[in-house]
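Number of protein chains: 2
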Amino acid sequence: MHQPLQMISADRAIGVPARARETLFMEGEPCRSVLELRRGLVRAVKFSSEGERQVMALFFPGDVLGLPLAQEHRFTAEAVSDVLYARQSSLEWQTGLSVCNSPGVDSPLRAIWQEEKAFMDRGLILGRGGIMARLAAFLGYVVRRLPIQNEVYDFSLPQGDIASYLATSPETVCRLMRQLRERKIIAMARKDKLEILDAQWLDRLAAGESV
Amino acid sequence: MHQPLQMISADRAIGVPARARETLFMEGEPCRSVLELRRGLVRAVKFSSEGERQVMALFFPGDVLGLPLAQEHRFTAEAVSDVLYARQSSLEWQTGLSVCNSPGVDSPLRAIWQEEKAFMDRGLILGRGGIMARLAAFLGYVVRRLPIQNEVYDFSLPQGDIASYLATSPETVCRLMRQLRERKIIAMARKDKLEILDAQWLDRLAAGESV
DNA sequence: CGATGAATTGAGAAGCGTCAAAGTACGTGG
DNA sequence: CCACGTACTTTGACGCTTCTCAATTCATCG
């Protein structure tokens, strides 16, 4: 199932590869290393006490995840698509904390904030009334973080994950996406290609206007 | 409106008082001090880009909030009830970071994680289907963090705040709370006193069983 | 070329939001 | 001490949104 990675050293620059749906680290596991995502999407997953699975956050190229704020990882990280990432030892990272009391903070604190923000962003999105508002806000959010290639975004994110992230059902996600397509607000030439045709309209939907 | 606080020094031990609904710090304001809550409840509020208000997290006695992960505060902190808190200079706190690379981590990192967790907990609650599940999970959560006095919790939290936290309407919160009272799952002798009569049942509701 | 998981679509029912109005608690000022 | 204003809670009625279930089509991979 999960193809074993060959742990070639000296890929600090290039990055370690992982296949779609592979688990990068698991909740509860001791924090051994910090990951910096280079390519692809990673989802943070948590299981509520009753065992229900939830996508709590998404991480994009450039993001750092798995910071050792506690002894153990606070969530499970899974590759959504095929990814490339770099690893750093947690201890190494922690020693980096000592050197950051300079006023120009571009330090580990920034990384912590960036990781935390991913979770807070979901809260902000889930707080909206109406699933269309959530979806529109979500698309706006994702698009701001996704690498763009001539107007088209690489959107290889299963609708099941979107549904879980938005706390709704896959069917609803599908129907609302179709609406957005029919109204020419977005376009999807392929299932994994996203284009925003009318960003303003999307914003208005995110604001809760039914239009 | 906001009674000016007299900034008596040497209340590091006792704590500074603030009245209900007072703003402790505002989003965007530069991080000057870190707060440690001693008594009462504080809510973290954010305004979505369209100006809609959201309660993103709650802080309980013992919690630390306002950590300078960035230059500016990432949310607005408001006293829900009358509160007592201690202040520490942000710079002082930051220098504390340097001294924490020991393995026994009971350091600033723990405080960061605790603050972040408040936001993540909301995400976990909002992820559930059915508002009753959310409310039940919320009550279970709150109760685990609230100081108890012989079986009865001090629950001075307006339903409007609960509604905002749960991303629902105040009316729905009211109706569901009444259901819980009628089913003898909770009891509220007064509006600000909460008692859990059947914790197991509450858990089942939180798990999504309609029962 | 089948097999597996994801996306799609429809129909029906229930949950929940909205609007409107009245009731309650609490602090403030006369 | 009472009257009033403000903020919060409660309740009802109505209708849309969204979930659930089920069936079909579509993609991807072996």
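If you're matching them up, the sequences are chains U and P in order. Residue 1 is where the first sequence starts when you use this note's numbering, and the numbers rise one by one after that. Residue 1 is where the second sequence starts when you use this note's numbering, and the numbers rise one by one after that. Note that CB positions come from ideal geometry on N, CA and C, so glycine has one too. Keep in mind that this is a model prediction, so the values were computed, not measured.
Asked, Found
"For U:GLU36, does the count of other Cβ atoms within 10 angstroms reach 16, so buried, or fall short, so exposed?", "buried"
"Out of U:GLU171, U:ILE148, U:ILE196, which has the shortest C-alpha to C-alpha gap to U:PRO158?", "U:GLU171"
"Can you find at least 3 beta carbon pairs, one from the segment 78-87 of chain P and one from the segment 36-49 of chain P, that sit closer than 8 Å?", "yes"
"Is DSSP giving P:PHE60 helix, strand or coil here?", "coil"
"Pull up the DSSP beta-bridge partners for U:VAL89, would you.", "Residue identity differs from the one stated: residue 89 of chain U is Ser in this sequence, not Val. In DSSP, U:SER89 forms a bridge with U:SER33."
"May I ask you to list, following chain order, the residues of the segment 161-184 of chain U that have a beta carbon less than 7 Å from some beta carbon of chain P?", "ALA167"
"Can you name, in chain order, every residue of its own chain whose Cβ lies under 8 Å from the Cβ of P:SER169, other than the five neighbours on each side?", "ALA163"
"Check distances from the C-beta atoms of the segment 134-153 of chain U to those of chain P and list, in chain order, the residues that come in under 7 Å.", "none"
"So, with DSSP's three-state summary, where would you put U:ARG21?", "coil"
"Since P:SER90 and P:CYS174 are thought to touch, with beta carbons under 8 Å apart, how far apart are those beta carbons, to the nearest angstrom?", "40 Å between Cβ atoms; not a contact."
"Chain U beta carbons: is any one of them nearer than 8 Å to that of P:SER48?", "yes"
"Identify the contact partners of U:PHE119 in chain P, using a Cβ-Cβ distance below 8 Å as the criterion.", "GLU116, PHE119, MET120, GLY123"
"Which of the three DSSP states, helix, strand or coil, is assigned to P:ALA187?", "strand"
"Is the CB of P:MET26 under 8 Å away from at least one CB in chain U?", "no"
"Applying a beta-carbon distance threshold of less than 8 Å, which residues of chain P neighbour U:TRP218?", "In this structure chain U extends from 1 to 211, so residue 218 of chain U is not present and cannot be described."
"Determine, using beta carbons only, whether U:GLN54 comes closer than 8 Å to chain P.", "yes"
"With 16 other CB atoms within 10 Å as the buried threshold, where does U:PRO103 fall?", "With a pLDDT of only 49 at U:PRO103, under 50, the local geometry of the prediction cannot be trusted, and no value is derived from it."
"Would you identify the three-state DSSP class for U:GLU116, choosing helix, strand or coil?", "helix"
"Can you tell me the Cα-Cα spacing of P:GLY129 and P:TRP93, whole angstroms?", "40 Å"
"Report the partner residues of P:LEU194 according to the DSSP bridge assignment.", "P:TYR153"
"Between P:SER33 and U:LEU69, what straight-line distance do the alpha-carbon atoms span, to the nearest angstrom?", "21 Å"
"Using a Cβ cut-off of 7 Å, pull out every chain U residue sitting near P:ALA207, in sequence order please.", "GLU50"
"Could you tell me if P:ALA212 is buried or exposed, where buried requires 16 or more neighbouring beta carbons within 10 angstroms of its beta carbon?", "Nothing can be reported for residue 212 of chain P, as the shown portion of chain P is limited to 1 through 211."
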